[in-house]
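Protein chains: 2
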Amino acid sequence: MTDDDARAVAPGFQLQQLLYLREIERAGTLTAAAARLHVSQPALSQSLSQLERRLGVPLFERAGRRRVLTEAGREVARVAEEVLGRAAELEGWLEARRRGEAGVLRVGMIDAASLYVLPETIRRFRAEHAAVDLRLVVDTSAALLERLDGFALDLAFVVGPIEGAYAVSEVLEEPLYLYAPRGVAQRPEEGGWVLYPTGSQTRALIDAGLARAGLRPEVTLESSNPEILRQMVVLGLGWSVLPEAVAEAGSPPLARHGESPVARRTLLGVRRAAAAPDARAEAFLRLAGEARREGR
Amino acid sequence: MTDDDARAVAPGFQLQQLLYLREIERAGTLTAAAARLHVSQPALSQSLSQLERRLGVPLFERAGRRRVLTEAGREVARVAEEVLGRAAELEGWLEARRRGEAGVLRVGMIDAASLYVLPETIRRFRAEHAAVDLRLVVDTSAALLERLDGFALDLAFVVGPIEGAYAVSEVLEEPLYLYAPRGVAQRPEEGGWVLYPTGSQTRALIDAGLARAGLRPEVTLESSNPEILRQMVVLGLGWSVLPEAVAEAGSPPLARHGESPVARRTLLGVRRAAAAPDARAEAFLRLAGEARREGR
DNA sequence: TAAGATAGATAAGTATGACTGATGATGATG
DNA sequence: CATCATCATCAGTCATACTTATCTATCTTA
């Protein structure tokens, strides 16, 4: 009850001793095994005598001038095969992991990113890192950062700016333009607005941009789904401020109102500052940067 | 081609490091794990840093003032569970083996032993050591000793005397009496003989005994099967010299000819002199000795 | 049967490394 | 801001695993 430390006792043997035993079973004699293991014969002799002493069961029997394994010795050698095999498997996995070709990579992204910026990145990553189990989460910037902090994500694509202990790399900067509802008001002072939700990063950027233009929007609908916002503008429900990629690549496309953007938002690739280097996350970020440069 | 030693490389980690890692995953903090493992906190810190360095993959990430496992760390910890579990299983087996309650015990016996002396021993051994896989071989003394030498047997019951590097314990001494064929000759000088095969231990003892009595048997049938010899005597085929247990416990029993035995033969329990102590073999020998004393 | 070869054990010395206690750095907490 | 908790670092100590040299026992061969 006080503490269960009695359980946590190391085995009476070491992996190296198992390795030695396995090699002796294969080679037949200590001397031959020692040569194959690149150690001296006394090293084997001592190591195995100690193993035998520690296990408390005879592993060898003298047969003339050689040592032969007893049944117990063969049993231990069998376990040695299993354990060393498992260890080798692990080392293989770790080697792949080192090269960024194994394990789970959990990536979070805001929906705009998943819809308009990163599909190509995802496609290429999956093609080039087929062995990586890529798991995607779409959520708001704030929620993604929280998941990142809670070790539930390895990498997140969110709207900047952000604060905190993060390793940030800018993936994309996109302008947010003003879009007018079809056939209704011609001046932004009139009519309602359909905007990103209060509290969201993009909304904060938009509010700041509109304020600079002297506008105080009366919001009639909020949604974090840019596609819905676009449709609402099409249906004449109100004005909106949207990323160019959302507004003008959709169907039907919207026509922007005014030449200069209301605001600019940046898409950031974010990791925990304390996170260890990860070849897979780095590869994903690199691909995202390339996708941007290639104009998607 | 020259040699395949490159394969035989020890894993880059040790069982103890796996134990430490597993305990940290369970305890959550280094300090707690160190307490449960009865080592100092720096010991854990150093050991795991070295493990991380050797594996070349980050196993931990700083989360505030604690260390948390990365995916690679959890993967290694999973392997640690498996490997340490297998090791614990082996230690359990070895513990049973130490007590003589595991593994294979290969016992050889001559047919007289298996038929008349050892059945009760075998029955009791199997009852008291149910976990031992008992394998029995019936053959001649010479063949059994050869198998013993060749590590194909752990224990053999043969007819004495024997020479060589053996650990011998006498199980039984039994008289060999002269038996006359039914209703034929009344004097041993007349008629043929049915005896154990030339070259067998028992035959050598019988020949010596008969020679002492001035007899030179003309053998008409040889068999290593004492039951057959007894039946041949019943059928009047000739004289024989048989162990009392064979001749007079069979059906129909034979009546011995003369008061004093022609020879005496000893049943020996034999192990290799170089063989390691084995609680199971010792138990078997002990039971054989008890069965003898109890008059079977 | 004696001589040589082979397999392994033992001994002494060295070096690596694993642990401890002390202390320092940093983040959480009231 | 002071205090505690957690882990890292350092220096010293001790255990142990390796090496070379040598010895014993056994098998082989002339």
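These protein sequence lines are chains Z and F, in that order. No gaps in the numbering here: position 217 of the first sequence is 217 in the numbering used here, and each next residue is one more. No gaps in the numbering here: position 167 of the second sequence is 1167 in the numbering used here, and each next residue is one more. Even glycine gets a Cβ: it sits at the ideal position worked out from N, Cα and C. Bear in mind that the values here come from a model prediction, so they are computed numbers and not experimental data.
Helix, strand or coil for residue i, going by three-state DSSP, please let me know.
| i | result |
| --- | --- |
| Glu-61 (chain Z) | strand |
| Pro-217 (chain Z) | coil |
| Ser-45 (chain Z) | helix |
| Gly-209 (chain Z) | helix |
| Leu-15 (chain Z) | helix |
| Pro-175 (chain Z) | strand |
| Asp-278 (chain Z) | coil |
| Leu-1242 (chain F) | strand |
| Leu-235 (chain Z) | coil |
| Leu-287 (chain Z) | helix |
| Val-1104 (chain F) | strand |
| Leu-148 (chain Z) | helix |
| Val-1132 (chain F) | coil |
| Thr-31 (chain Z) | helix |
| Gly-1250 (chain F) | coil |
| Ile-1162 (chain F) | coil |
| Ala-88 (chain Z) | helix |
| Glu-1190 (chain F) | coil |
| Gly-1073 (chain F) | helix |
| Leu-51 (chain Z) | helix |
| Val-9 (chain Z) | coil |
| Leu-1118 (chain F) | coil |
| Val-39 (chain Z) | coil |
How would you label residue i, buried or exposed, when you count the other beta carbons within 10 angstroms and need 16 or more for buried?
| i | result |
| --- | --- |
| Pro-42 (chain Z) | exposed |
| Asp-133 (chain Z) | exposed |
| Gly-209 (chain Z) | buried |
| Pro-217 (chain Z) | buried |
| Pro-253 (chain Z) | exposed |
| Leu-148 (chain Z) | buried |
| Thr-198 (chain Z) | exposed |
| Ser-260 (chain Z) | exposed |
| Leu-136 (chain Z) | exposed |
| Pro-1011 (chain F) | buried |
| Arg-1126 (chain F) | exposed |
| Ser-1251 (chain F) | exposed |
| Pro-1181 (chain F) | buried |
| Asp-1004 (chain F) | Here Asp-1004 (chain F) scores only 46 on pLDDT, less than 50, and its place in the model is too uncertain to base an answer on. |
| Glu-290 (chain Z) | exposed |
| Gln-1201 (chain F) | buried |
| Glu-1173 (chain F) | exposed |
| Leu-1235 (chain F) | exposed |
| Arg-1078 (chain F) | exposed |
Quick one: list the residues of chain Z neighbouring residue i, beta-carbon separation under 7 Å, in chain order.
| i | result |
| --- | --- |
| Pro-1042 (chain F) | Ordered by position in chain Z, no residue passes the 7 Å Cβ test against Pro-1042 (chain F), which lies about 18 Å from the chain. |
| Ala-1010 (chain F) | Leu-15, Gln-16, Leu-19 |
Give me the DSSP bridge partner(s) of residue i.
| i | result |
| --- | --- |
| Met-109 (chain Z) | Z:Val-138, Z:Phe-157 |
| Glu-298 (chain Z) | Absent from the structure is residue 298 (chain Z), since the part of chain Z shown begins at 1 and ends at 296. |
| Trp-1093 (chain F) | According to DSSP, Trp-1093 (chain F) bridges with nothing at all. |
| Ala-1263 (chain F) | F:Leu-1176 |
| Arg-67 (chain Z) | Z:Arg-62 |
| Glu-222 (chain Z) | Z:Leu-195 |
| Phe-1256 (chain F) | Here the sequence assigns Arg to residue 1256 (chain F), which means Phe is not the residue at that position. Beta-bridge pairing links Arg-1256 (chain F) to F:Tyr-1179. |
With a threshold of 8 Å on Cβ separation, who are the neighbours of residue i within its own chain once the five nearest residues in sequence on each side are excluded?
| i | result |
| --- | --- |
| Phe-1060 (chain F) | Leu-1048, Glu-1052, Arg-1067, Val-1068, Leu-1069, Thr-1070, Gly-1073 |
| Leu-37 (chain Z) | Leu-19, Tyr-20, Glu-23, Leu-44 |
| Arg-1123 (chain F) | none |
| Leu-1242 (chain F) | Leu-1176, Tyr-1177, Tyr-1179, Pro-1226, Leu-1229, Arg-1230, Val-1233, Leu-1254 |
| Arg-98 (chain Z) | Ala-279 |
| Val-83 (chain Z) | Leu-15, Leu-18 |
| Arg-256 (chain Z) | Tyr-177, Leu-178, Tyr-179, Glu-244, Ala-247, Glu-248 |
| Ala-1033 (chain F) | Tyr-1020, Glu-1023, Ile-1024, Arg-1026, Ala-1027, Leu-1044 |
Residues of chain Z with CB under 8 Å from residue i, in chain order?
| i | result |
| --- | --- |
| Phe-1125 (chain F) | Under the 8 Å cutoff, chain Z gives no residues; its nearest Cβ is about 17 Å from Phe-1125 (chain F). |
| Pro-1253 (chain F) | Under the 8 Å cutoff, chain Z gives no residues; its nearest Cβ is about 42 Å from Pro-1253 (chain F). |
I want to verify the contact list: residues of chain F whose CB lies under 7 Å from the CB of residue i, in sequence order.
| i | result |
| --- | --- |
| Thr-70 (chain Z) | Ala-1276 |
| Arg-62 (chain Z) | Ala-1274 |
| Glu-91 (chain Z) | Pro-1011, Gly-1012 |
Return the chain-ordered list of same chain residues with a C-beta closer than 7 Å to the C-beta of residue i, the five sequence neighbours on each side being excluded.
| i | result |
| --- | --- |
| Val-194 (chain Z) | Thr-220, Leu-221, Leu-229, Met-232, Val-233, Leu-237, Gly-238, Ser-240 |
| Ala-1281 (chain F) | Leu-1105, Asp-1154, Leu-1155, Arg-1271 |
Which residues in the same chain have their Cβ closer than 6 Å to the Cβ of residue i, if we skip the five residues on either side of it in sequence?
| i | result |
| --- | --- |
| Thr-31 (chain Z) | Gln-41 |
| Ala-1156 (chain F) | Gly-1108, Leu-1144, Leu-1148, Val-1270 |
In chain F, which residues lie with their C-beta within 8 Å of the C-beta of residue i?
| i | result |
| --- | --- |
| Val-297 (chain Z) | With chain Z covering only 1 through 296, there is no way to say anything about residue 297 (chain Z). |
Run through chain Z and tell me which residues come within less than 9 Å of residue i, C-beta to C-beta.
| i | result |
| --- | --- |
| Val-1138 (chain F) | Chain Z residues near Val-1138 (chain F): none, gap ~21 Å exceeds 9 Å. |
| Ser-1286 (chain F) | Residue 1286 (chain F) is actually Arg in this sequence, not Ser. Ordered by position in chain Z, no residue passes the 9 Å Cβ test against Arg-1286 (chain F), which lies about 19 Å from the chain. |
For residue i, go through chain F and note every residue whose CB falls closer than 9 Å to its CB, in chain order.
| i | result |
| --- | --- |
| Gly-164 (chain Z) | By Cβ distance, chain F contributes nothing, its closest Cβ being about 13 Å from Gly-164 (chain Z), past 9 Å. |
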